[in-house]
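Residue numbers (full-length UniProt numbering), protein chains in the order written: chain C, 1 to 422; chain V, 1 to 422.
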């Protein structure tokens, strides 16, 4: 039994060793390997889909729900999507080697701050097998080695995808050891990865709140936390009705399962009652379950049958489905207070025609992204123009909000002297 | 007994609350408070030194060594140093509110990335009480609240200093709750601080390897690791003798207890034997204990009585005193291999007249700071021109190397729209 632990340690050692070579690659080296990977995925498509079928059959036999099977499923279309995203990655600039700043000290030392890869990335993720290629490709583009630990239910799909990746690395003269997959069912393998200080430089967990909190608790390696989004929209008293309706409906209903969807609507009491009523009606017509506070329900008795009673718990719930919590607030400051107590610091929006109110909101609210008169749904690396997204960080260290390629780099200081001593 | 835990929780809550106000302060507000603190320290000097005397008496009675007492001791001179460093801090730019980047999307959304404070900093540190003021002042300048947990042996000194700090905040109209001191002797209080996710945004441990490793293991809050320095100097075959001697002696002997001091000397076998011999003699004359590998000892039989036998353990030891490990290597690649195996990634130097060798070293070595023809002793926020230093980060996330004020900030995206939806 101790055998898998030795194998894991050996994989980490190989990844660390490979990371030293990866750090020295040119953009051309890396782009050639990414292009080769795209071709390899097309060549290997049949093998990959067969492996995926085995995972699907097992998951079905285990009685997993349809949404789970959908996340797990690979199709020709999804493989083509992966190939397309590899092409986009090739087109992006390589951050590694960029000079971030340069200055000369009075003693003549020439100082330069240069972007370098992080080293070895540990990636712990759940069912979706496309993350395997996305993460490994972004790691390669940024000169990092990566150790992947996906959901055991996707192990066949993931191993097939990793084989394509390693074959593409070998074919273009790079070390296949830069991509390691941990196929071990044991949960302890996650703990070992998260405490491998000295061999792993960062852990990125992607998945549900349970996974993320487990990783945060056990990891002594620094973690890049991609967290949950309990996002609010505050409709201020001067809000334009049509704009408020468009933004609220878009933020709640366009894709309710994602982290940048809205979960709570805060209504300024002084916003015209007719506007409030109409907005609530539109939500209900759109199939949204509305859970409202007492004040809201009393203000709109005509909707009493449709407005469920919100409880304290609702203010802290990321529904990820067509449910919205609604609270009436007396003032902007009350809205700010509610958000500060219940926000997860992801994305928060105000709809208002009052510039001073907007500025107060944008300055005060503590979140990765704060919006004036726009939907929270824009918090996304693609929308931001980053080209590739590793995830959305909800922590404040290192990277916050949508993370592009630079989030997978660090820097070092290079100092050139002529014999200076201190 | 459960009482101190409640008090600690309450202190964290107050710090979090205060941090929201701190984030909105102008540079003027903060500089006024820092100036007031300088004056307050002068006013309170007698009280502070008396409190320090009590800590010193206790430490002496406990049989602590002289070096410990020296770190613990406050004097009029040291208080004046603190006042001076506050003046320097006032002169520094405020990073908070700076626009880091700004762009417009094709849909018209105006995007801006703005520096913001981290929020609440948890600082865990050992004996030196001046860290109390240094850390709290830097936190104030960057708009953060801070929760301090110093060594219990300095509790009287630290509480006196914190009182001055809080009085200065109150006197200038700011919230004294932005600076909290945890006076609890219980080690568990450190654990509680390090797992207060949602209330504390970052933990900074400053002290010995034991403290840092304990914090890394227990903390679920992100940690800014300030680690140990096992620094190397590689004297390449083309090195200028006088330069090599100056750099090696400076790096080893100018202040052996600090983390940027050299611990291992790697000698290129092809560097003239006479140079090698002379450099080793100079080290010995300077009172340095030299622990050499077999090859080095055989190459210099005349020094056999003075060259101790190095063991494998020596390559991984941060002596922090006048001892140096010496190893003869055949090639630049061997030196790089030794460093990659034994470096703690702090500061590494090459002495060479060969530009290609220098470039290979600077590119390949993975450390916060890499030097060509300069002493490792320059790895320091003051020397780098940062004006203030929170510590030297040896991790790759967020901040690496000497950390100035921006290391205590994060950023947020501010998005201004005209009703955009996705």
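For glycine and all other residues, C-beta sits at the position ideal for the given N, C-alpha and C.
Cβ neighbours of residue 341 of chain V within its own chain (closer than 8 Å, five residues either side excluded): 315. With fewer than 16 other CB atoms across the displayed protein chains lying within 10 angstroms of its CB, residue 302 of chain V is exposed.
The CB of residue 367 of chain V comes closer than 7 Å to the CB of 412 in chain C, given here in chain order. For residue 237 of chain C, same chain residues with a beta-carbon under 6 Å away, outside a window of 5 residues either side, are 268, 270, 271 in chain order. In the DSSP assignment, residue 338 of chain V falls within the unbroken alpha helix (DSSP H) covering 332-342. The C-beta of residue 147 of chain V comes no closer than 8 Å to any C-beta of chain C. The CB of residue 42 of chain V never comes closer than 7 Å to any CB in chain C; the least such distance is about 31 Å. Less than 8 Å separates the beta-carbon of residue 408 of chain C from that of residue 121 of chain C. Taking 8 Å as the cut-off, the beta carbon of residue 262 of chain V is found closer than this to the beta carbon of residue 251 of chain V. Between residue 420 of chain V and residue 335 of chain C, the gap from beta carbon to beta carbon reaches 8 Å or more. By the C-beta density criterion, residue 100 of chain V is exposed, having fewer than 16 other C-beta atoms within 10 angstroms. Residue 77 of chain C is classed as exposed because its beta carbon has fewer than 16 other beta carbons within 10 Å across all chains shown. Any Cβ of chain C closer than 8 Å to the Cβ of residue 371 of chain V would place that residue at the interface, and such an atom is present. Contacts between residue 262 of chain C and chain V, judged by CB atoms closer than 8 Å, are missing: the closest CB pair is about 11 Å apart.
At least 8 Å separates the CB of residue 144 of chain V from every CB of chain C. Counting only the Cα atoms, residue 389 of chain C lies some 19 Å from residue 33 of chain C.
In this structure residue 153 of chain C is in contact with residue 59 of chain C, their Cβ atoms being roughly 5 Å apart against a cut-off of 8 Å.
According to the DSSP secondary-structure assignment, residue 124 of chain C is paired through a beta bridge with C:149, C:205.
Residue 328 of chain V counts as buried, since no fewer than 16 other beta carbons sit within 10 angstroms of its beta carbon.
Sequence-ordered contacts of the segment 179-200 of chain C with chain V read 195, 197 [C-beta pairs closer than 9 Å]. For the segment 52-69 of chain C, there are no residues whose beta carbon sits under 8 Å from a beta carbon of chain V.
In the DSSP assignment, residue 234 of chain C falls within the unbroken beta strand (DSSP E) covering 231-235. Contact of residue 173 of chain C with chain V is not assigned, every C-beta pair being separated by 8 Å or more. DSSP places residue 3 of chain V in the uninterrupted alpha helix (DSSP H) bounded by 3-22.
In the structure shown, the three-state DSSP call for residue 66 of chain V is helix. A straight-line Cα-Cα distance of about 35 Å links residue 29 of chain V and residue 228 of chain C. Contact of residue 234 of chain V with chain C is not assigned, every C-beta pair being separated by 8 Å or more. Annotated as distal: residue 245 of chain V and residue 206 of chain V, with beta-carbon spacing of 8 Å or more. Selection C:343, C:110, C:253 evaluated against residue 321 of chain C yields C:253 as nearest (Cα-Cα). When C-beta atoms of the segment 159-169 of chain V are compared with those of the segment 34-46 of chain V, three or more pairs fall below 8 Å, so the two segments count as touching.
Taking CB atoms only, residue 396 of chain V has a neighbour in chain C less than 8 Å away. For residue 161 of chain C, same chain residues with a beta-carbon under 7 Å away, outside a window of 5 residues either side, are 48, 129, 132, 133 in chain order. When secondary structure is reduced to three states using DSSP, residue 317 of chain V falls in the coil class, being assigned neither helix nor strand. For residue 370 of chain V, the beta-bridge partners assigned by DSSP are C:414, V:348. Among the bridge pairs identified by DSSP, residue 292 of chain V is matched with V:309, V:326.
The Cβ of residue 210 of chain C sits no closer than 8 Å to any Cβ of chain V.
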